[in-house]
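Enquirer: The following block contains the structure, expressed as structure tokens.
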Amino acid sequence: AATALPAAFGDPGTSAVVVFLAVGATVRLLAPLLGSKRDDPGVVCVDEALRFAVPVAGAHAGGGNDLARRAAAVLGAEPVITTASDSAGSVALDEFGADLGFVVEPGSDLAAVGTAILSGRRVTFSSDLTWPVPPLPPNVAAAGPEPGVPAIFVTDGRTPDHDAPTVTYRPPSLVVGLGASRGVPAAEVAALIDQALAVAALSPRSVRAAATADLKADEEGLLAAVRERG
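Structure representation (structure tokens):
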């Protein structure tokens, strides 16, 4: 485990790890390898007696909680879920809407808004469009932002100015229409996309696809600009 775990954790192709080792020993091995909760793979510890499956890293973003439940089901063990939102039967903001393609806007205050939800304080939730999001706790109200009240926004546009902690999700709601003369370089196409989104006050994180006429389907500049944006 002293070599296998660091090797697996450092492999870009690793999305999750199940370790048959004590939690304390696993934590000591993992400590120097941890980067951020958004990038670390899920790591689950299973004790030698196969009684418990415990997520110790990447519980939400890395899928550790789900992996613990799956491993426990296979082994006949008990999943031990310790993340606050799951223990309280609440919503995990860092994975909210992930199955729908939602992306968290950088700068969102996940900790403060999550604490407000767990403590039962009023939080508002507003969305530009209707999405099949999971159920929200009773203290999260479907309403526009209110002074001093933490807020959650699902929008492809500008996040409203607000005087309380906010979390903004970017949904995959935009399709960029592309068209250009032959031979236009990718950098120019990318700059035009950025300019058009900025003028319309729309977020590039909400772009889910690009569309063009069949005649332009082989235009390298368009294709390269789209590839560069993932």
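Under the working numbering, the first residue of the sequence shown carries the number 6, and numbering increases by one thereafter.
Ideal Cβ placement from N, Cα and C applies to all residues, glycine included.
1) Given this structure, state the Cα-to-Cα distance separating P46 from R187, to the nearest angstrom.
2) For D99 and A116, I'd like the C-alpha separation in whole angstroms.
3) Rounded to whole angstroms, how far is the Cβ of V189 from the Cβ of V212, which I believe are closer than 8 Å?
4) Work out the CA separation of P176 and D161 for me, nearest whole Å.
5) Using only CA atoms, which one of Y174, L141, G125 lies nearest to V154?
6) Less than 6 Å between C-beta atoms, sequence neighbours within five positions excluded: which residues of the same chain meet that for A146?
7) By the 10 Å Cβ neighbour count, where 16 or more other Cβ atoms means buried, how is A216 classified, buried or exposed?
8) Since V189 is in the beta strand (DSSP E), which residue starts that stretch and which ends it?
9) Would you report the Cα separation of G29 and T87, rounded to the nearest angstrom?
10) Under 8 Å by Cβ, that's how I've got L80 and L55 pegged, so tell me the actual separation to the nearest angstrom.
11) DSSP three-state call for A73: helix, strand or coil?
12) Within 10 angstroms of its Cβ, does A93 collect 16 or more other Cβ (buried), or is it exposed?
13) In terms of residues, what are the limits of the alpha helix (DSSP H) holding T173?
14) Tell me the rounded alpha-carbon separation between F25 and G226.
15) Looking at the secondary structure, which residues open and close the alpha helix (DSSP H) in which A12 lies?
16) How many Å lie between F14 and A218 at the Cα?
17) Could you spell out where the beta strand (DSSP E) holding I157 opens and where it closes?
18) Check whether the Cβ atoms of P152 and D166 sit closer than 8 Å, and answer yes or no.
19) Less than 8 Å between the C-beta atoms of A64 and A77, yes or no?
20) Please confirm whether A195 and E233 have their CB atoms less than 8 Å apart.
21) Straight-line CA distance for R33 to R127?
22) Find out if the Cβ-Cβ distance for the pair S113, V48 is shorter than 8 Å.
23) Pull the bridge partners of V24 from the DSSP assignment, please.
24) Thinking C-alpha only, which one of V108, G69, D44 is nearest V51?
Expert: Quick answer:
1) Stepping through the sequence shown from its first residue, residue 46 is reached at position 41. Stepping through the sequence shown from its first residue, residue 187 is reached at position 182. Those two C-alpha atoms are separated by around 43 Å.
2) The residue you call residue 99 lines up with position 94 of the sequence shown. The residue you call residue 116 lines up with position 111 of the sequence shown. Taking the straight line from one Cα to the other gives about 9 Å.
3) Residue mapping note: residue 189 aligns to position 184 of the sequence shown, counting from 1. Residue mapping note: residue 212 aligns to position 207 of the sequence shown, counting from 1. About 19 Å; that fails the 8 Å criterion.
4) Locating residue 161 in the sequence shown gives position 156, where the first residue counts as 1. Locating residue 176 in the sequence shown gives position 171, where the first residue counts as 1. Each residue's CA atom was taken as its position, placing D161 and P176 some 6 Å apart.
5) Here residue 154 corresponds to residue number 149 of the sequence shown, with the count starting at 1. The shortest C-alpha separation from V154 is found at G125.
6) Locating residue 146 in the sequence shown gives position 141, where the first residue counts as 1. T129, listed in sequence order.
7) Working through the sequence shown from its first residue, we reach residue 216 at position 211. The residue in question, A216, is exposed, as its Cβ has fewer than 16 Cβ neighbours within 10 Å.
8) Working through the sequence shown from its first residue, we reach residue 189 at position 184. Taken as a continuous stretch (DSSP letters only), V189 belongs to no beta strand (DSSP E), as it is neither H nor E.
9) For the purposes of this step, residue 29 is taken as residue 24 along the sequence shown, with counting starting at 1. For the purposes of this step, residue 87 is taken as residue 82 along the sequence shown, with counting starting at 1. Rounded to whole angstroms, G29 to T87 spans 15 Å at the Cα level.
10) Within the sequence shown, residue 80 is the residue found at index 75, counting from 1. Within the sequence shown, residue 55 is the residue found at index 50, counting from 1. About 5 Å separates the two Cβ atoms, so the contact holds.
11) Sequence index remark: in the sequence shown, residue 73 carries index 68 (1-based). In the structure shown, A73 sits in a helix (DSSP, three-state: H, G or I).
12) Within the sequence shown, residue 93 is the residue found at index 88, counting from 1. Since pLDDT at A93 reaches only 48, below the 50 mark, its modelled position is unreliable, and no value is offered.
13) Here residue 173 corresponds to residue number 168 of the sequence shown, with the count starting at 1. DSSP places T173 outside any alpha helix (DSSP H); the residue lies instead in the beta strand (DSSP E), whose first and last residues are 171-175.
14) What you label residue 25 is simply residue 20 of the sequence shown in a count that begins at 1. What you label residue 226 is simply residue 221 of the sequence shown in a count that begins at 1. Between F25 and G226, the C-alpha separation is close to 50 Å.
15) Taking the sequence shown and counting its residues from 1, one reaches residue 12 at position 7. Taken as a continuous stretch (DSSP letters only), the alpha helix (DSSP H) holding A12 covers 9-15.
16) For the purposes of this step, residue 14 is taken as the residue at position 9 of the sequence shown. For the purposes of this step, residue 218 is taken as the residue at position 213 of the sequence shown. The C-alpha of F14 lies about 43 Å from the C-alpha of A218.
17) Taking the first residue of the sequence shown as position 1, residue 157 is located at position 152. Per DSSP, I157 belongs to the beta strand (DSSP E) from 156-159.
18) Taking the sequence shown and counting its residues from 1, one reaches residue 152 at position 147. Taking the sequence shown and counting its residues from 1, one reaches residue 166 at position 161. Not closer than 8 Å, so no.
19) Start at 1 with the first residue of the sequence shown, and residue 64 comes out as number 59. Start at 1 with the first residue of the sequence shown, and residue 77 comes out as number 72. Cβ atoms of A64 and A77: not closer than 8 Å.
20) On the sequence shown, residue 195 is found 190 positions in, with the first residue counted as 1. On the sequence shown, residue 233 is found 228 positions in, with the first residue counted as 1. Closer than 8 Å, so yes.
21) On the sequence shown, residue 33 is found 28 positions in, with the first residue counted as 1. On the sequence shown, residue 127 is found 122 positions in, with the first residue counted as 1. Each residue's Cα considered, the two are about 39 Å apart.
22) As a working note, residue 113 is residue 108 in the sequence shown. As a working note, residue 48 is residue 43 in the sequence shown. No, Cβ-Cβ distance for S113 and V48 is not below 8 Å.
23) Numbered from its first residue, the sequence shown carries residue 24 at position 19. According to DSSP, V24 bridges with C50.
24) Within the sequence shown, numbered from 1, the residue matching residue 51 stands at position 46. Comparing Cα-Cα distances from V51 to each of V108, G69, D44, the minimum goes to G69.
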